[in-house]
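*Asks:*
Residue numbers (full-length UniProt numbering): 1 to 142.
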């Protein structure tokens with residue numbers, strides 16, 4: 001039988017009490033993969049909005065885990081999508097986390113994919129070339 005600690009929490013079997021976190025909550029290692037992904041998207045959105053504030057004022061950016069795919073869809077899952085404004089909702093640019101993560105081989109490539117994806121979606125929305133939205137944009141090799 002396990003002993004109980006006040007408040008209904010259980011102690012470990014050696015009676016040493018509950019273990020605390022191994023790292024402080026503000027340490028990067030303590031953030032989940034989804035939280036780190038959200039941070040990368042937020043950083044890129046901030047960078048784009050800084051340059052295109054007026055044009056992107058009514059655009060909402062979001063992260064979703066996976067896209068809704070029609071039955072019978074073949075080919076790779078989309079990495080992102082722009083949803084037009086309708087029924088009083090703003091234009092939404094959505095980045096799909098799982099397909100982007102599956103495509104990236106590391107943190108640097110993940111950041112590049114997010115940057116390229118958002119630059120391309122914003123360029124398409126504004127009717128501009130990606131290079132004019134972000135002069136540092138490099139056309140992807142794939």
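All C-beta atoms in this analysis are idealised placements derived from N, C-alpha and C, irrespective of residue type, glycine included.
(1) Hey, how far is the Cα of residue 142 from the Cα of residue 98?
(2) Would you mind sorting residue 69 into buried or exposed? The rule is 16 or more other CB atoms within 10 Å of its CB.
(3) Assign residue 43 to one of three DSSP states: helix, strand, or coil.
(4) Is the separation between the beta-carbon of residue 116 and that of residue 130 shorter than 9 angstroms?
(5) Beta carbon of residue 80, beta carbon of residue 59: below 9 angstroms?
(6) Is the beta carbon of residue 111 sitting closer than 9 angstroms to the one on residue 96?
(7) When you compare only the Cα positions, how much space is there between residue 66 and residue 40?
*Replies:* By the coordinates alone:
(1) Residue placement at residue 142 is flagged as unreliable, the pLDDT there being 49, under the threshold of 50; the coordinate-derived value follows with that caveat. Going from the Cα of residue 142 to the Cα of residue 98 covers about 19 angstroms.
(2) exposed
(3) helix
(4) yes
(5) no
(6) Contact flag unset, no.
(7) 17 angstroms
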